[in-house]
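First comes the structure, then the notes that go with it.
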Amino acid sequence: MTSKKLKDDPIALRKQLIQMRLELNRQRIHHESIVLLEPVAKLRGLKQRFNQGATPLLAVAGVTLVSFFMARNRRSASSLMPVVKIAASLLPLFVGKSETNEANKS
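Take the sequence shown: its position 78, counted from the start at 1, is 81 in my numbering, and no numbers get skipped.
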């Protein structure tokens, strides 16, 4: 009886059509947001993998490599110094955030 009533009532059909369109648009937006946020999720995973594991070993290797290249070419070292200074000033920010996140998880 209700299906026959829906077939005969154009207002109910219009309402049902609008609800279906809204649901379709909601699903599209959800899918597009997942696709757009996929790189962000990958970066978060990369950050978590970097915070775990052999991070101190990588830091020591990086410092050794930079010092080797700086000692090798004094002229190129002068061009690298601003970058090294910026990296050294930003390092506590990254280290502090990872320690804060670990404290919040505990």
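We put the CB at the ideal spot given by N, CA and C, even for glycine. Quick caveat: nothing in here was measured; it's all calculated off a predicted structure.
For residue i, collect the residues of the same chain with a Cβ closer than 6 Å to its Cβ; drop the 5 residues on either side in sequence, then sort them by chain order.
| i | result |
| --- | --- |
| A44 | none |
Roughly how many whole angstroms lie between the Cα atoms of residue i and residue j?
| i | j | result |
| --- | --- | --- |
| L27 | Q55 | 41 Å |
| F71 | G65 | 10 Å |
| D12 | K18 | 10 Å |
| E35 | M84 | 42 Å |
| G48 | S92 | 25 Å |
| L46 | M23 | 36 Å |
| E41 | L20 | 32 Å |
| R52 | L25 | 39 Å |
| H33 | L39 | 10 Å |
Of the residues the options, which one's Cα is nearest the Cα of residue i?
| i | options | result |
| --- | --- | --- |
| A62 | L20, L94, I14 and D12 | L94 |
| V69 | K50, A90, L40 and R52 | A90 |
Might you give, ordered along the chain, the residues of its own chain that have their beta carbon closer than 7 Å to the beta carbon of residue i, omitting 5 neighbours on each side?
| i | result |
| --- | --- |
| K88 | none |
| Q30 | none |
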